[in-house]
Amino acid sequence: MMDRLREGVNSIAVKIILGLIILSFVFAGVGSYIVSGNNNSAAKVGNTEIPRGEFEMAYQNERNRMQAQLGDYFSQMLADPAYVESFRKSVLDRMINDVLLDQQAEALGLRISDTQVRSMILDMPQFQSNGQFDQEIYQASLRRAGFSPDSFAEYMRRELVREQLLNALQNSEFILPGEVQAEGKLFTQTRDIRTIKIDLAEFAKNIELTDEEIQQYYKANPDNFTRPEQVKVAYIELSAEALKEQVNVSDAEVKKYYEEHLNKYSSEEQRRVAHILVEGDDEAKAQAILDELNAGADFATLAQEKSDDFGSAENGGDLGWIERDVMDPAFEDAAFALKNPGDTSGLVKSDFGYHIIKLEELKDSVAKPFEEVAAEIKQEMVDQQAVDQFYELQSELERVAFEYPDSLYDASQAVNQEVKTTDFISQVDAPEVLRNPAVMQAILSPEVKEDGLNSEAIEVAPEHIIVVRVEDARDETVLPLEEVKDQVIAELSRVKGEQDAMELGTQVVAALKEGKTDVLTENNLAFGEQETVDRRSPLATTVFAMAKPVDGKPVYGQSKDLEGNIVIIELDAVNAELDSDLEEQVAMQMQRASSQQDLSSVLAVLRANTDIEYFIVSN
99 MMDRLREGVN
109 SIAVKIILGL
119 IILSFVFAGV
129 GSYIVSGNNN
139 SAAKVGNTEI
149 PRGEFEMAYQ
159 NERNRMQAQL
169 GDYFSQMLAD
179 PAYVESFRKS
189 VLDRMINDVL
199 LDQQAEALGL
209 RISDTQVRSM
219 ILDMPQFQSN
229 GQFDQEIYQA
239 SLRRAGFSPD
249 SFAEYMRREL
259 VREQLLNALQ
269 NSEFILPGEV
279 QAEGKLFTQT
289 RDIRTIKIDL
299 AEFAKNIELT
309 DEEIQQYYKA
319 NPDNFTRPEQ
329 VKVAYIELSA
339 EALKEQVNVS
349 DAEVKKYYEE
359 HLNKYSSEEQ
369 RRVAHILVEG
379 DDEAKAQAIL
389 DELNAGADFA
399 TLAQEKSDDF
409 GSAENGGDLG
419 WIERDVMDPA
429 FEDAAFALKN
439 PGDTSGLVKS
449 DFGYHIIKLE
459 ELKDSVAKPF
469 EEVAAEIKQE
479 MVDQQAVDQF
489 YELQSELERV
499 AFEYPDSLYD
509 ASQAVNQEVK
519 TTDFISQVDA
529 PEVLRNPAVM
539 QAILSPEVKE
549 DGLNSEAIEV
559 APEHIIVVRV
569 EDARDETVLP
579 LEEVKDQVIA
589 ELSRVKGEQD
599 AMELGTQVVA
609 ALKEGKTDVL
619 TENNLAFGEQ
629 ETVDRRSPLA
639 TTVFAMAKPV
649 DGKPVYGQSK
659 DLEGNIVIIE
669 LDAVNAELDS
679 DLEEQVAMQM
689 QRASSQQDLS
699 SVLAVLRANT
709 DIEYFIVSN
């Protein structure tokens, strides 16, 4: 069983699970969303409730992950309440699926022993330093994630039991060699083709248009010739980043700052400590161990024999070197209260249980040389002065822009920043700083656009604001034909050119299918050199839909390239070979897909046979 478990650690599913665990460490502590209803559960699966707090944390973790991947695009999606509700439900559904799998695993009698969980935790790379389990990293990670050792061990136990069930589904799947060969050859298939490109631009150049045709196309396609709503904008930007260029800090000021903040550039006091842990609330047990110590028992021996901290026990309770703000606050206060190496504490109660702490070694703080930190200090002082100056000027800019709302001149003088202006712009071609949604909303507001007033100061980034005003505006309008005639002619010529090119392509393909190759000479066309294409080719949709050549006779078809040009295709051969390396990859992909299908089917059955209640979804 242990061998199978260790094999499972290397599976993709377990790696994902462990990654999610560590991800929760990163995002732990994020507050919950306010949800409707008085129920403290997000959902109920049979007799099992999913706590609302767990759901909100899982939702926030997934939201943060998506935000990191998609950036502003995801932020825009979150502006849609319907999407948010759907997104929240998908997170809750995944949690419900996990509970269903847990219940099924329990029904099947799947178990994970304490020894297996302990071994797993000790081997997790996230808790290791220099290839060894690091108790300091372990405890700090658990504390940040809101776990106690017991709750984390139970969390791991559930995940590993669930993985046993998933492995059972995966290992029950098998793919026949013939299936792999057929699927692999289909997937890796290549095709030999020759092509003729019919250039639309050449056809468009030869199109002759009448005034009537131009007029008709213009009237039939007004959207193509509509100028969007446009405004001329004046604006003042104020940012701490730009102000840094105006800040001068002397070497003497840097030196003075260093001397006044010497502790800031000194290494932290460090202590090497050991402890004996009694988990839970068993104070009597902890006191009995303390009595043994006071009676002269060896600390390291007692730690090995009686400490519940399995990570440090085998090392005599040694936790290594610690600094401030790393350990549990109660533990830390007691550890740093010890004066001399060899001193031990009394009983110390923390979230993990009762500790007896021993001070092993001390390292005093050491100041870094001035030369080593001078550049850092100078940049820090520049940054800080720029930020201070920014907030002073921000208040002044807001005040003056409000008191003199009909112009930005006074505001620009007050903060010594130039007034920037644009020509007529729309949302599409506006400068980047103006495309900020809040800025664009202000520009189009009645107070700014219609009344001609200065906007409020708008934050576009941290320590970066902008005040805008509209100098002129013009509504959306269909431009007169005289102004866009060249555009109309170009568009209509391309449309008609494309029609002619497609007709020619259709005629050529029909003739070639009948064996009439003279059609190529008649139209001054010739196939290019043969090339081999796979499913990544822009022509793949057409090429791989064409019938396989029979008896060496080519097959003909018609498509378009990425520029819209007509492409006549001659398919000469189909190549379907599968090497051993690709065969193995295809087999794995097929097995994974089949396993996922099995899992979906199992979950569908479990859902159908289990009472599931949703209490919250909407934000």
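Plus 98 on top of the position in the sequence shown (first one is 1) and you've got the working numbering. Glycine residues also receive a C-beta, built at the ideal position from the N, C-alpha and C atoms. Remember, it's a predicted structure, so these values are computed and weren't measured experimentally.
Where does the unbroken alpha helix (DSSP H) through residue i begin, and where does it stop?
{"i": "D570", "result": "First-last for D570: 562-572, but that is the beta strand (DSSP E), not the alpha helix (DSSP H)."}
{"i": "I235", "result": "233-243"}
{"i": "Q482", "result": "468-501"}
{"i": "R186", "result": "179-205"}
{"i": "L391", "result": "381-392"}
{"i": "E554", "result": "Unbroken run through E554: none, as it is neither H nor E."}
{"i": "D212", "result": "212-221"}
{"i": "A140", "result": "Counting along the chain, A140 falls outside any alpha helix (DSSP H), though it belongs to the beta strand (DSSP E) covering 139-143."}
{"i": "E516", "result": "Premise fails: E516 is in no alpha helix (DSSP H) and is neither H nor E."}
Locate the beta strand (DSSP E) running through residue i, then write down its first and last residues.
{"i": "A372", "result": "368-377"}
{"i": "T615", "result": "No beta strand (DSSP E) contains T615, which DSSP labels as neither H nor E."}
{"i": "G444", "result": "442-448"}
{"i": "S657", "result": "653-658"}
{"i": "E335", "result": "328-337"}
{"i": "G418", "result": "416-420"}
{"i": "T640", "result": "Run containing T640: none in the beta strand (DSSP E); it sits in the alpha helix (DSSP H), 638-641."}
{"i": "P427", "result": "Premise fails: P427 lies in the alpha helix (DSSP H), 427-435, not in any beta strand (DSSP E)."}
Regarding residue i and the ligand SAH, is the C-beta to nearest heavy atom distance less than 7 Å?
{"i": "M425", "result": "Ligands in the displayed structure: none, and consequently the ligand SAH is not present."}
Roughly how many angstroms separate the alpha carbons of residue i and residue j, rounded to a whole number?
{"i": "Y489", "j": "Q202", "result": "59 Å"}
{"i": "G451", "j": "D396", "result": "21 Å"}
{"i": "E601", "j": "K658", "result": "13 Å"}
{"i": "I666", "j": "A302", "result": "19 Å"}
{"i": "N322", "j": "E589", "result": "9 Å"}
{"i": "D441", "j": "H359", "result": "32 Å"}
{"i": "M584", "j": "T308", "result": "The sequence given here places Asp at residue 584; Met does not occur at that position. D584 and T308: Cα-Cα distance of roughly 13 Å."}
{"i": "L121", "j": "G244", "result": "With a pLDDT of 37 at L121, under the threshold of 50, the modelled position of this residue cannot be trusted; read the value that follows with caution. The straight-line gap from Cα to Cα measures roughly 13 Å."}
{"i": "R530", "j": "E459", "result": "Checking the sequence, you will find Glu at residue 530 rather than Arg. If I take the Cα positions, the gap works out to 57 Å."}
{"i": "D670", "j": "F642", "result": "12 Å"}
{"i": "Q492", "j": "S227", "result": "47 Å"}
{"i": "I454", "j": "L697", "result": "48 Å"}
{"i": "E152", "j": "Q158", "result": "10 Å"}
{"i": "L610", "j": "P320", "result": "41 Å"}
{"i": "D462", "j": "P223", "result": "31 Å"}
{"i": "S130", "j": "E183", "result": "With a pLDDT of only 30 at S130, under the threshold of 50, the placement of this residue in the model should not be trusted; the figure read from the coordinates follows. S130 and E183: Cα-Cα distance of roughly 16 Å."}
{"i": "E366", "j": "R241", "result": "21 Å"}
{"i": "D389", "j": "A411", "result": "19 Å"}
{"i": "A205", "j": "L701", "result": "15 Å"}
{"i": "V352", "j": "D508", "result": "36 Å"}
{"i": "L298", "j": "V593", "result": "9 Å"}
Which class does residue i belong to by DSSP, given the choice of helix, strand or coil?
{"i": "E627", "result": "coil"}
{"i": "I305", "result": "coil"}
{"i": "E265", "result": "The question names Glu, but residue 265 in the sequence shown is Asn. In the structure shown, N265 sits in a helix (DSSP, three-state: H, G or I)."}
{"i": "S227", "result": "strand"}
{"i": "K456", "result": "strand"}
{"i": "T708", "result": "coil"}
{"i": "T288", "result": "strand"}
{"i": "V259", "result": "helix"}
{"i": "N761", "result": "Given a span of 99 to 717 for the chain in the structure shown, any question on residue 761 remains unanswerable."}
{"i": "N673", "result": "strand"}
{"i": "S594", "result": "A small fix is needed here, since residue 594 is Lys in this sequence, not Ser. Helix."}
{"i": "E661", "result": "coil"}
{"i": "K317", "result": "helix"}
{"i": "A559", "result": "strand"}
{"i": "S312", "result": "Here residue 312 turns out to be Ile, not Ser, going by the sequence shown. Of the three classes helix, strand and coil, the one that applies to I312 here is helix, per DSSP."}
{"i": "A528", "result": "coil"}
{"i": "I541", "result": "helix"}
{"i": "I587", "result": "helix"}
{"i": "K461", "result": "strand"}
{"i": "M451", "result": "According to the sequence displayed, residue 451 carries Gly and not Met. G451: strand per DSSP, three-state reduction."}
Does the pairing of the stretch 460-470 with the stretch 320-327 give three or more beta-carbon distances under 8 Å?
no
With contact counted as at least three CB pairs below 8 Å, one residue from each stretch, are the stretch 622-633 and the stretch 342-351 in contact?
These segments do not touch.
Cβ contact check for the stretch 192-202 and the stretch 138-153: 3 or more pairs under 8 Å
yes
Between the stretch 370-388 and the stretch 429-446, do three or more beta carbon pairs fall short of 8 Å?
yes
If you scan the stretch 152-182 from start to end, which runs of the alpha helix (DSSP H) of 4 or more residues do you find wholly inside it?
Taken in chain order, the complete alpha helix (DSSP H) segments of 4 residues or longer contained in the stretch 152-182 are 170-176.
Do three or more CB pairs link the stretch 227-238 to the stretch 409-422 at distances below 8 Å?
With contact defined as three or more Cβ pairs closer than 8 Å, the stretch 227-238 and the stretch 409-422 are in contact.
Specify whether the stretch 290-302 and the stretch 646-663 touch according to this definition: at least 3 beta carbon pairs, one from each stretch, less than 8 Å apart.
yes
Any 3 or more C-beta pairs closer than 8 Å across the stretch 477-491 and the stretch 331-341
yes
Three or more C-beta pairs below 8 Å linking the stretch 557-567 and the stretch 575-584:
At 8 Å Cβ cutoff, the stretches do not touch.
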